[in-house]
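Student: Below you'll find the structure I mean.
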Amino acid sequence: MASTATTTSTYSLHSFSGLPVDKYRGAFVEDLQLPPAFTLPSNEAISRAIELAYERDFSHIPVLDHNRRPLGYVDVARLKERWEAGNADPNDKVIKYMTKFKRAVSEPYTLITPLSPLAELEEFLKTNIFALVTDNDRKFVLAVATSQDLESFVTRRGF
1114 MASTATTTST YSLHSFSGLP VDKYRGAFVE DLQLPPAFTL PSNEAISRAI
1164 ELAYERDFSH IPVLDHNRRP LGYVDVARLK ERWEAGNADP NDKVIKYMTK
1214 FKRAVSEPYT LITPLSPLAE LEEFLKTNIF ALVTDNDRKF VLAVATSQDL
1264 ESFVTRRGF
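Following this line, the structure appears as structure tokens:
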């Protein structure tokens, strides 16, 4: 079934009925088959964080507190630049250089779980670098999803 090419949103118009059709065909975040999340404790040294990031080829790493609650994330490239410029000590803790997640009434938390539709994930990623995939109670970070993950999924599935 073909869809019109006049829209680039998550939903396109079905060529026969004119009704919106989910371009992900009802797929969920779990269908992305993301690897388990790699996270850092807030007290990890930046030298170790950079080393681990490059071993795993990650550009952004979530930072968790001692209760495994997400606090923010480390932009690995920016951290490495600071270190190489002499503006960060290798033994400094990542919490000192992380970008904190905004937690305010004006910035509501968007819950992304394995059962979130890919259309919702795509909408979230329009204004965010990545999404933390958590359980419903937001106690555990299960995975990290990016726009590239969505693109790979679409390519693999031939959507």
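Residue numbering for the sequence shown follows the working numbering, beginning at 1114 and increasing consecutively.
Beta carbons: idealized from backbone N, C-alpha and C, even for Gly.
For a test of the three-state rule: what should DSSP assign to leucine 1245, helix, strand or coil?
Tutor: Residue state, collapsed to three classes: strand.
Student: Ignoring anything shorter than 4 residues or poking outside the stretch 1196-1251, list the alpha helix (DSSP H) runs there in chain order.
Tutor: For the stretch 1196-1251, whole alpha helix (DSSP H) runs of length 4 or above, ordered along the chain, are 1231-1238.
Student: Could you give the DSSP three-state label for threonine 1259: helix, strand or coil?
Tutor: In the structure shown, threonine 1259 sits in a strand (DSSP, three-state: E or B).
Student: Just to check my reading of the structure: phenylalanine 1266 and arginine 1181 have Cβ atoms closer than 8 Å, yes? What is that Cβ distance to the nearest angstrom?
Tutor: That belief does not hold up - the Cβ atoms of phenylalanine 1266 and arginine 1181 are roughly 27 Å apart, past 8 Å.
Student: With a threshold of 8 Å, are at least 3 pairs of Cβ atoms found where one atom belongs to the stretch 1166-1176 and the other to the stretch 1187-1203?
Tutor: These segments touch.
Student: For aspartate 1188, name the three-state secondary structure that DSSP assigns.
Tutor: In this structure, aspartate 1188 counts as strand in the three-state DSSP scheme.
Student: Could you pull out every unbroken beta strand (DSSP E) segment of at least 3 residues lying fully inside the stretch 1146-1172, listed in chain order?
Tutor: List check, beta strand (DSSP E) in window: nothing returned.
Student: Should threonine 1123 be labelled buried (16 or more other beta-carbon atoms within 10 Å of its own) or exposed?
Tutor: With a pLDDT of 46 at threonine 1123, under the threshold of 50, the modelled position of this residue cannot be trusted, and the question is left open.
Student: Do you know how far the Cα of tyrosine 1137 is from the Cα of alanine 1166?
Tutor: Their Cα atoms are separated by approximately 30 Å.
Student: Quick one: measure Cβ to Cβ for leucine 1263 and leucine 1231, integer angstroms, because I've assumed they're closer than 8 Å.
Tutor: Right, the Cβ-Cβ distance comes to about 7 Å (below 8 Å), so this counts as a contact.
Student: Can you pull the DSSP bridge partners for phenylalanine 1141?
Tutor: Partner(s): Pro1230.
Student: Quick one: is serine 1229 buried, meaning 16 or more other Cβ sit within 10 Å of its Cβ, or exposed?
Tutor: With 16 or more Cβ atoms within 10 Å of its Cβ, serine 1229 is classed as buried.
Student: Decide yes or no for the touch test of the stretch 1191-1211 against the stretch 1233-1242: beta carbon pairs closer than 8 Å, at least 3 of them.
Tutor: With the cut-off at 8 Å, the stretch 1191-1211 and the stretch 1233-1242 do not touch.
Student: What does DSSP give as the partner residues of valine 1254 in its beta bridges?
Tutor: Beta-bridge pairing links valine 1254 to Thr1247.
Student: Do you know offhand how far arginine 1161's Cα is from leucine 1147's?
Tutor: Those two C-alpha atoms are separated by around 24 Å.
Student: Buried or exposed: which applies to tyrosine 1210, given that a residue is buried once 16 or more other Cβ atoms fall within 10 Å of its Cβ?
Tutor: Tyrosine 1210 is buried by the Cβ-count criterion.
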